[in-house]
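Some notes on the structure that comes next.
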Amino acid sequence: MAMVSGGELLVRTLLKANVTNIFALHGAHLETIFQSCLDHHIRLIDTRHEMAAGHAAESYARCTRGLGVAMATAGPGFTNIITSITNAYLDRTPVLYITGSAGLNEAETNSLQSGFDQVAVATPITKWVHRITVANQIPRLVAQAIRLATSGPTGPVLLDMPMDVLTAQIEETSCPIPENVLVDVTPQPHAQAVEHAIELLAGAARPAIMVGAGAYQCGAGEELRAFVDATGIPVFSDFQAHGLLPSNHPLYGGTFHKMADLSAPNQRPDVILALGVRFGLFTLGMSDMVVPLAAKIIHVEVDPKEIGRLRQVAVPIVADSRETLRAMNARAKSQKWRDYTGWQQIIRDAKAERRKRAQADLNRTTSPIHPLQAVAAIVDNINEDAIVVGDGAEAYHWMNEVIRQNHPGSYITHGFLGAVGFGLGLALGAQAANPKRQVLCLVGDGAIGFTITEFDTMMRHQLPIVAVVMNNHSWAASQHFQEIVSGANRVTATTLRDVRYHDVAAAFGCHGQHVTKIQDLGPAIKAAFASGKPACINVAIDLAPLPPELHLLMARH
Numbered sequence: 003m004a005m006v007s008g009g010e011l012l013v014r015t016l017l018k019a020n021v022t023n024i025f026a027l028h029g030a031h032l033e034t035i036f037q038s039c040l041d042h043h044i045r046l047i048d049t050r051h052e053m054a055a056g057h058a059a060e061s062y063a064r065c066t067r068g069l070g071v072a073m074a075t076a077g078p079g080f081t082n083i084i085t086s087i088t089n090a091y092l093d094r095t096p097v098l099y100i101t102g103s104a105g106l107n108e109a110e111t112n113s114l115q116s117g118f119d120q121v122a123v124a125t126p127i128t129k130w131v132h133r134i135t136v137a138n139q140i141p142r143l144v145a146q147a148i149r150l151a152t153s154g155p156t157g158p159v160l161l162d163m164p165m166d167v168l169t170a171q172i173e174e175t176s177c178p179i180p181e182n183v184l185v186d187v188t189p190q191p192h193a194q195a196v197e198h199a200i201e202l203l204a205g206a207a208r209p210a211i212m213v214g215a216g217a218y219q220c221g222a223g224e225e226l227r228a229f230v231d232a233t234g235i236p237v238f239s240d241f242q243a244h245g246l247l248p249s250n251h252p253l254y255g256g257t258f259h260k261m262a263d264l265s266a267p268n269q270r271p272d273v274i275l276a277l278g279v280r281f282g283l284f285t286l287g288m289s290d291m292v293v294p295l296a297a298k299i300i301h302v303e304v305d306p307k308e309i310g311r312l313r314q315v316a317v318p319i320v321a322d323s324r325e326t327l328r329a330m331n332a333r334a335k336s337q338k339w340r341d342y343t344g345w346q347q348i349i350r351d352a353k354a355e356r357r358k359r360a361q362a363d364l365n366r367t368t369s370p371i372h373p374l375q376a377v378a379a380i381v382d383n384i385n386e387d388a389i390v391v392g393d394g395a396e397a398y399h400w401m402n403e404v405i406r407q408n409h410p411g412s413y414i415t416h417g418f419l420g421a422v423g424f425g426l427g428l429a430l431g432a433q434a435a436n437p438k439r440q441v442l443c444l445v446g447d448g449a450i451g452f453t454i455t456e457f458d459t460m461m462r463h464q465l466p467i468v469a470v471v472m473n474n475h476s477w478a479a480s481q482h483f484q485e486i487v488s489g490a491n492r493v494t495a496t497t498l499r500d501v502r503y504h505d506v507a508a509a510f511g512c513h514g515q516h517v518t519k520i521q522d523l524g525p526a527i528k529a530a531f532a533s534g535k536p537a538c539i540n541v542a543i544d545l546a547p548l549p550p551e552l553h554l555l556m557a558r559h
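So the number in the numbering used here is just where the residue sits in the sequence shown, counting from 1, plus 2.
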């Protein structure tokens, strides 16, 4: 009679879901899982902080459009990973979090790393959470958790694993591993709704398509390109969907905030097809700067709770974005479409005017380096298929001005939580998911302080990530906010030291370089990637300017 541990059952179930990478920090409560991962050759990428492990699992899920897995031990391990859980919950990222906890036989004994209810804490920030109390139920409940995480709307789930449940020995034949751990549940659109949507778009003078994370998650890129080419309707995207329609496509207008450049009455979209978009932060909420209040909205979303949030919807479609586009493509073939040449030119002119406004900053020859110059140099010196991670309260706003992506899932940045300090963790997951592609992490000097020890993780696991630190030795967003709201003479608690971050990275064995002149940044990026090692480029940038995106956010309030 063969006996197996609860941890072994858990790992065997993960294998059925094609899990090959787990991000974690070791803790004794999870030792049986670690040992089983070793036996089954699941790659364990152990970080220096649980927050980084959680964020790595998030980006792994986003890059692969699959499941990310992160583990944290009981007590402080669990509390350290809460920021990642919350981030995944608000962004609907499919991550399985596995947390250790004290044994069931230690309840109310003041045992190590216990004394509070981890399930209760995780309940409001997960799609589903469960404490497994019987070892022979592990395969069934792990499979259930994975199905819930990966079915729409996707989101994080958490399994709390008491130590004695993981170490329990179970007869192998008494608890078979489910064969169908992953399921494909794809909501289909209603034919009448598709018909109404096509009629509304065809009757519009200035229709636009907004694509969001939901459209990226379901892989709607091919269907989107077909629909755009058939209709001539321009496209704007959020960050997660950036690249779903390639940046070099003539009908790509840019990220959502660039719709605010279409400010004249004859420049505003009158009908909007919103695919997998959640109205709120990235659409400026109730403001009409991005989405005109008068525009008629066709909203395609798998989550009915999101339809009608903040805006009235003319055509609600509770369905998968890819399946909806397939149905719309079939119907679009028989529809007579307007000539949108004039409307397309308005958008091209707005993009050209934005580039013109930026030219003076890009051509600046004085020091310190203008942040727009820095991000432009980054984009010009990375591979066409490079993955860019954007972190920091202002740094990523500058990258949003110039980022060019022709591959979906290649720009990973802030979500609805608005956290900072996640960048190196996200970069770990992106590199693990894409070992043959360049991964560059743009990070502010404030944000990098949260997880700077992850340079050690990169070295140990041979993840050649290049981090570019935008160093203005300040919490710049906070300082700019104080200057605007409280006055320039009321700035407090925003100053940082001019730290030699490149030397910190070098102390971990990484490549490090300090850049103070814009002409040196491009060669520094190329040298960093050529080194084959993790790298840190510390760039001295100007504190003064405020990113154009933040002007929009300030105007909103």
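Note that CB positions come from ideal geometry on N, CA and C, so glycine has one too.
Could you name the residues of the same chain whose beta carbon sits closer than 6 angstroms to that of residue i, not counting the 5 residues immediately before and after it, in chain order?
{"i": "Q155", "result": "In the sequence under discussion, the amino acid at residue 155 is Pro, which differs from the Gln named in the question. Excluding residues within five positions, the ones whose Cβ falls inside 6 angstroms are R94, V304, D305."}
{"i": "I405", "result": "Y413"}
{"i": "M165", "result": "H31, G105"}
{"i": "L277", "result": "V213, A217, V302, S323"}
{"i": "H244", "result": "Q407, Y413"}
{"i": "N540", "result": "V471, N473, Y503, H504, H516"}
{"i": "N385", "result": "Q440"}
Please report the residue range of the beta strand (DSSP E) in which residue i lies.
{"i": "R359", "result": "Element bounds for R359: not the beta strand (DSSP E) but the alpha helix (DSSP H), 343 to 364."}
{"i": "V273", "result": "273 to 277"}
{"i": "C538", "result": "537 to 542"}
{"i": "F284", "result": "Careful: F284 lies outside any beta strand (DSSP E) and carries neither H nor E."}
{"i": "G102", "result": "97 to 103"}
{"i": "I309", "result": "Unbroken run through I309: none, as it is neither H nor E."}
{"i": "V391", "result": "389 to 392"}
{"i": "C65", "result": "First-last for C65: 52 to 66, but that is the alpha helix (DSSP H), not the beta strand (DSSP E)."}
{"i": "E174", "result": "It is not in any beta strand (DSSP E) - E174 carries neither H nor E in the DSSP assignment."}
{"i": "P318", "result": "317 to 320"}
Could you please give the first and the last residue of the uninterrupted alpha helix (DSSP H) stretch that includes residue i?
{"i": "Q481", "result": "478 to 487"}
{"i": "A4", "result": "Unbroken run through A4: none, as it is neither H nor E."}
{"i": "G70", "result": "First-last for G70: 70 to 74, but that is the beta strand (DSSP E), not the alpha helix (DSSP H)."}
{"i": "M165", "result": "165 to 169"}
{"i": "W400", "result": "397 to 404"}
{"i": "Q515", "result": "Element bounds for Q515: not the alpha helix (DSSP H) but the beta strand (DSSP E), 513 to 517."}
{"i": "G223", "result": "223 to 233"}
{"i": "L444", "result": "L444 -> not in any alpha helix (DSSP H); beta strand (DSSP E) instead, spanning 441 to 446."}
{"i": "F418", "result": "Careful: F418 lies outside any alpha helix (DSSP H) and carries neither H nor E."}
{"i": "V377", "result": "373 to 382"}
{"i": "I148", "result": "140 to 152"}
Since residue i and residue j should fall inside the 8 angstroms C-beta cutoff, what is the C-beta to C-beta distance between them, to a whole number of angstroms?
{"i": "M163", "j": "L554", "result": "About 45 angstroms; that fails the 8 angstroms criterion."}
{"i": "E551", "j": "H259", "result": "5 angstroms"}
{"i": "A421", "j": "N89", "result": "6 angstroms"}
{"i": "A479", "j": "E403", "result": "Contact doesn't hold; Cβ gap of about 16 angstroms is too wide."}
{"i": "I582", "j": "A429", "result": "Residue 582 cannot be examined here, being either before or after the span of the chain that is shown, 3 to 559."}
{"i": "A170", "j": "G8", "result": "5 angstroms"}
{"i": "H132", "j": "S86", "result": "H132 to S86, Cβ: 19 angstroms. No contact."}
{"i": "L253", "j": "V230", "result": "5 angstroms"}
{"i": "A76", "j": "S38", "result": "That pair is no contact at about 18 angstroms."}
{"i": "D263", "j": "R356", "result": "6 angstroms"}
Identify the residues that DSSP records as bridge partners of residue i: which are they?
{"i": "V23", "result": "It should be noted that the sequence gives Asn, not Val, for residue 23. The partner list for N23 (beta bridge, DSSP) reads R45."}
{"i": "A239", "result": "First, the residue type needs correcting, since residue 239 is Ser and not Ala in the sequence shown. S239 is bridged to V213, T257."}
{"i": "W130", "result": "V159"}
{"i": "G425", "result": "None, per the DSSP bridge assignment."}
{"i": "N473", "result": "A542"}
{"i": "Y413", "result": "V390"}
{"i": "K298", "result": "V273"}
Please go through the same chain and pick out, in chain order, the residues whose beta-carbon is closer than 7 angstroms to the beta-carbon of residue i, but skip the five residues on each side of it.
{"i": "T453", "result": "H51, M53, A54, G423, L426, G427"}
{"i": "Q120", "result": "F80, T101, S103, D162"}
{"i": "E225", "result": "R324, L327, R328, N331"}
{"i": "A546", "result": "none"}
{"i": "A432", "result": "S61, C65, I389, V391, I414, V441"}
Short of 8 angstroms in beta carbon distance, which residues of its chain neighbour residue i, apart from the five on each side in sequence? Order them along the chain.
{"i": "D272", "result": "A206, A207, R208, P209, P294, A296, A297, K298"}
{"i": "L202", "result": "V273, K298, I300, A316, V317"}
{"i": "G534", "result": "P466"}
{"i": "E197", "result": "R333"}
{"i": "H559", "result": "Per-residue confidence for H559 stands at a pLDDT of 44, beneath the threshold of 50, marking its modelled position as unreliable; no derived number is given."}
{"i": "I543", "result": "P370, I371, H372, P373, A376, M472, N473, N474"}
Does residue i get closer than 8 angstroms to chain C when you measure Cβ to Cβ?
{"i": "G420", "result": "Protein chains in the displayed structure number just one, and chain C is not present."}
- Could you say if the segment 20 to 30 and the segment 63 to 78 meet the contact criterion of at least three C-beta pairs nearer than 8 angstroms? Judged by Cβ distances under 8 angstroms, the segment 20 to 30 makes contact with the segment 63 to 78, as three or more pairs qualify.
- May I ask you to verify whether the segment 141 to 152 touches the segment 180 to 189, counting CB pairs closer than 8 angstroms and requiring at least 3? In short, these stretches touch, since the Cβ pair count reaches three.
- Item | the segment 339 to 358 contacting the segment 261 to 268, beta-carbon criterion three pairs below 8 angstroms | The count of Cβ pairs closer than 8 angstroms, one atom from the segment 339 to 358 and one from the segment 261 to 268, reaches three, so the stretches are in contact.
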